[in-house]
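In the working numbering, the protein residues as written are 343 to 445.
Notes follow once the structure below has been shown.
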């Protein structure tokens with residue numbers, strides 16, 4: 343039972359961060375990588391690429407979390423967004439704030 347509860351919470355965090363929908367991260371990644379290649383003579387070092395890719399992923403996740411937190415009172419009234427983790431109660435407001443800070 344403990345594992346099931348933890349697994350459900352992790353899935354709720356996954357949904358809150360929108361990691362199941364990569365299009366937002368890809369839209370942010372494209373100009374980031376383009377700028378990195380333009381700013382670097384030759385090919386950027388692998389560790390720099392890794393830092394920028396991780397930064398893009400984390401910033402996109404943090405943006406989704408803070409957006410859902412800001413809209414938490416409205417999302418419950420809209421059919422399309424009523425099942426999101428915050429209005430549905432799968433994630434508490436405190437957990438969302440903590441996740442935002444971690445991202």
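C-beta atoms are modelled at their ideal positions from N, C-alpha and C, and glycine is treated no differently.
Being a predicted model, the structure only gives us computed values, none of them experimental.
Taking the C-alpha atoms as reference points, what is the distance between residue 365 and residue 441? 21 angstroms
Give the straight-line distance between the Cα atoms of residue 391 and residue 375, rounded to the nearest whole angstrom. 8 angstroms
What first and last residue would you give for the alpha helix (DSSP H) that runs through residue 406? 388–412
Quick check: the stretch 404–414 against the stretch 382–396, are at least 3 beta-carbon pairs closer than 8 angstroms? no
Validate contact between the stretch 390–410 and the stretch 355–374 using beta carbons, cut 8 angstroms, 3 pairs: yes
Is it true that the CB of residue 424 sits closer than 8 angstroms to the CB of residue 418? yes
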